[in-house]
Amino acid sequence: MDNKMILPKKDFLKARDFILTNARMIERRLFEFHFANGNINGVFHAVYAYRNSDGGFGHGMEPDTASPESQPLFSIMALETLDEVGYLTKEIILNDFMPYFESITTEKGGIPWMFRPKSTYPCEAHFKTVKEWAALSTTAPLLGILEKHEIDIPWMKKAEQFVWSEFERIKDKHAFCYLCVPRWLTFLKYTKSQDKTKKTINDLKNWISNNEIICKDKSDEGWGLYGKPHSLNYAKSSESMLYSLFTQETIESDIKELINRQKEDGRWDTWYGISEGTKLEWAGIQTLWVLKALKNYGRIEK
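Read in order, the letters of the sequence shown are residues 1 to 302 in full-length UniProt numbering.
Take a look at the structure:
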């Protein structure tokens, strides 16, 4: 195992400098938390800068839109980020988040993925045609975080029924989406219905294995980006519920490719962005994601 590839210290410092000079404050604060013993209060303040008076989060928390309006997905991202750094408490979830989520819950019991912008601010075209019905990939992580924090409120009952019925309905349709699947896993990890979880995880593993979802062509420019995932998108650490799906050789090969894809200025790039500025913001998000994955596997030179 001595041939494990490691990101050299000088290249880690390049990535750090790219984040500190190009990324948004939220990524800079998260970098500080994960790699420089940063204070969780800094992350809290960066996240709450995106919060609106209705309790939802907007203002391009995902850089594909400049719209200030609250969006369910952005509000989930805010919740996940605070959970990532250990900031969440029952009180914060119930007082700062649930009133907004309950206000946008549909008759089916779930919350939508996105709402179409009512403003004329710049955004990617797909925002304008988004389906506004309840979605698995926002409702599931919210439920998972509520269960994790041992919260029990009436909202959860119908939401859980919606989530299980949605797993049944969509089957393998979104297994390719490495933005969705980790959010499902948050629910599957913490739900009390662990008997149903086992079946769902097995189904998920079969779909990812048998549907040629993993992009094996490392010469593809889009390798590791949306629609062309690699193993680390599903198993960002050896603790992941889907880690056993991949061989050690696959994980090793993808870590090596990931390290090799770092650009000269320290970034890991994407093709996303509606402006030069948001392209840098997306690169900041991607660079932080890669560094966290490499840290999880112990692949950054000390």
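Where is the CB? At the ideal position from N, CA and C, for every residue including glycine.
Beta-carbon proximity check, residue i vs residue j, cutoff 8 Å
{"i": "Lys9", "j": "Gly266", "result": "no"}
{"i": "Cys180", "j": "Ser244", "result": "no"}
{"i": "Leu204", "j": "Glu27", "result": "no"}
{"i": "Glu132", "j": "Pro112", "result": "yes"}
{"i": "Ile300", "j": "Leu294", "result": "yes"}
{"i": "Leu225", "j": "Trp271", "result": "yes"}
{"i": "Tyr50", "j": "Gly58", "result": "yes"}
{"i": "Arg24", "j": "Glu264", "result": "no"}
{"i": "Glu257", "j": "Lys218", "result": "yes"}
{"i": "Thr139", "j": "Gly110", "result": "yes"}
{"i": "Thr105", "j": "Trp184", "result": "no"}
Residue of the options minimising C-alpha distance to residue i
{"i": "Ile251", "options": "Lys295, Trp184, Lys236, Trp113", "result": "Lys236"}
{"i": "Gly56", "options": "Gly109, Phe33, Asp172, Met114", "result": "Met114"}
{"i": "Asn296", "options": "His45, Ile255, Ile274", "result": "Ile255"}
{"i": "residue 348", "options": "Ile259, Phe101, Lys118, Thr106", "result": "One cannot answer for residue 348 here, as it falls past the ends of the chain, which runs 1 to 302."}
{"i": "Phe127", "options": "Phe187, Gly60, Val163", "result": "Gly60"}
{"i": "Leu186", "options": "Ser193, Tyr87, Pro141, Glu221", "result": "The residue asked about is misnamed: residue 186 is Thr in this sequence, not Leu. Of the candidates Ser193, Tyr87, Pro141, Glu221, the one whose C-alpha sits nearest the C-alpha of Thr186 is Pro141."}
{"i": "Thr21", "options": "Lys173, Lys189, Glu239, Gly277", "result": "Gly277"}
{"i": "Gly86", "options": "Glu107, Asn260, Val43", "result": "Val43"}
{"i": "Phe101", "options": "Tyr121, Phe74, Thr120", "result": "Phe74"}
{"i": "Ile208", "options": "Lys189, Ser219, Leu232", "result": "Leu232"}
{"i": "Arg116", "options": "Leu242, Ala125, Lys216", "result": "Ala125"}
{"i": "Phe35", "options": "Phe12, Glu62, Gln194", "result": "Phe12"}
{"i": "Ser238", "options": "Glu166, Gln194, Lys292", "result": "Lys292"}
{"i": "Glu63", "options": "Ala283, Leu242, Ile92", "result": "Per the sequence shown, residue 63 should be read as Pro rather than Glu. Among Ala283, Leu242, Ile92, the Cα nearest to that of Pro63 belongs to Ala283."}
{"i": "Ala78", "options": "Ala46, Asp220, Gln262, Glu107", "result": "Ala46"}
{"i": "Glu212", "options": "Ser193, Asp172, Gln194", "result": "Asp172"}
{"i": "Ser193", "options": "Asp220, Glu221, Lys157, Lys216", "result": "Lys157"}
{"i": "Arg29", "options": "Lys189, Leu82, Thr120", "result": "Leu82"}
{"i": "Glu84", "options": "Phe33, Tyr48, Ile92, Glu107", "result": "Phe33"}
CA-to-CA distance, residue j to residue i, given in whole angstroms
{"i": "Gly298", "j": "Leu7", "result": "10 Å"}
{"i": "Ser70", "j": "Asn52", "result": "7 Å"}
{"i": "Ala134", "j": "Thr191", "result": "19 Å"}
{"i": "Ile214", "j": "His230", "result": "5 Å"}
{"i": "Leu94", "j": "Lys4", "result": "44 Å"}
{"i": "residue 306", "j": "Asp54", "result": "It is not possible to answer for residue 306, since the shown part of the chain is limited to 1 through 302."}
{"i": "Cys123", "j": "Thr65", "result": "4 Å"}
{"i": "Pro99", "j": "Lys90", "result": "13 Å"}
{"i": "Arg169", "j": "Ala175", "result": "13 Å"}
{"i": "Ile19", "j": "Phe31", "result": "8 Å"}
{"i": "Leu88", "j": "Asn210", "result": "38 Å"}
{"i": "Trp223", "j": "Ser253", "result": "13 Å"}
{"i": "Phe97", "j": "Gly144", "result": "14 Å"}
{"i": "Met241", "j": "Gly273", "result": "31 Å"}
{"i": "Arg16", "j": "Val290", "result": "12 Å"}
{"i": "Ser103", "j": "Thr120", "result": "24 Å"}
{"i": "Phe167", "j": "Lys302", "result": "42 Å"}
{"i": "Asn41", "j": "Lys279", "result": "27 Å"}
{"i": "Lys216", "j": "Arg261", "result": "15 Å"}
{"i": "Met1", "j": "Ile92", "result": "Low confidence applies here, because Met1 scores a pLDDT of 45, under 50, leaving its location unreliable and the question unanswered by this model."}
{"i": "Ser275", "j": "Asn202", "result": "41 Å"}
{"i": "Asn206", "j": "Asp220", "result": "24 Å"}
{"i": "Lys189", "j": "Tyr48", "result": "27 Å"}
{"i": "Lys108", "j": "Ile76", "result": "19 Å"}
Closer than 7 Å: residue i CB and nearest the ligand MN heavy atom
{"i": "Leu280", "result": "Absence of the ligand MN from the depicted structure is noted, as is the absence of any ligand whatsoever, leaving it without description."}
Write down every uninterrupted run of the alpha helix (DSSP H) in the segment 198-279 whose length is 4 residues or greater and which is fully enclosed by it, in chain order.
231-234, 248-260
Within the chosen definition, does the segment 149-156 reach the segment 171-179 through at least 3 CB pairs nearer than 8 Å?
no
Any alpha helix (DSSP H) of 4 or more consecutive residues that is wholly inside the segment 61-147
72-84, 98-103
Could you tell me whether the segment 194-203 touches the segment 153-162, where touching means 3 or more Cβ pairs closer than 8 Å?
no
Just to confirm the assignment: which complete alpha helix (DSSP H) runs, minimum length 4, are found wholly within the segment 13-54?
25-35, 40-48
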